[in-house]
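*Asks:* Numbering (this note's numbering), first residue to last: 66 to 190.
Where a beta carbon is used, it is the ideal one built from N, C-alpha and C, also for glycine.
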Ligand code: HEC
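#1: Just reading off the alpha helix (DSSP H) that residue 151 is part of, what are its end residues?
#2: Is residue 105 helix, strand or coil by DSSP?
#3: Quick check: is any heavy atom of ligand 1 less than 7 Å from the C-beta of residue 167?
#4: What distance in whole Å lies between the Cβ atoms of residue 185 and residue 147, which are believed to be in contact at a cut-off of 8 Å?
#5: Quick one, which of 114, 71, 68 has its alpha-carbon nearest residue 180's?
What follows is the structure in structure tokens.
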């Protein structure tokens, strides 16, 4: 006989493994090819630590709307085709988009937002 909590725990475990797998996939891709900034100035490469931290921030704050893999979900568009440079993305994340997306300036500090953007860049190379 299965205990009542067992199915739920199993589901959570399976989800955790899937997210870990997805993160690893993006991180290894991101590490394989460093991107350059919109201005084409200095190419930046994010450390594994930054990307891991970014994926945590992303899952906790953004995935509910933009999807765990960033390809868009019920409430938010895909983040795989970003045109904007870092300053604009910073502004969007800090201030949000009126009636569409909440601002995160009270929840995330600038370092966390930059870490998140590094993580988003992994989808936009
Ligand atoms: C409540 C749902 C919601 C949450 C939570 C949310 N977003 Fe959004 N986001 C949206 C919607 C909806 C849009 C589209 C707004 C518009 O009409 O331009 C958007 C737009 C964006 C854009 C602009 C996309 C583009 O193509 O330029 C970025 C970047 C973005 N979100 C990043 C994030 C990040 C990073 C987080 C987590 C810190 C986050 N969002 C959390 C709903 C959300």
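*Replies:* Well, looking at it:
#1: 151-160
#2: Below a pLDDT of 50, predicted positions are generally treated as unreliable, and residue 105, at 47, falls in that range; the measurement from the model is reported next regardless. Here residue 105 sits in coil by DSSP.
#3: Yes; taking the cut-off as 7 Å, the Cβ of residue 167 has a heavy atom of ligand 1 nearer than that.
#4: 6 Å
#5: 114
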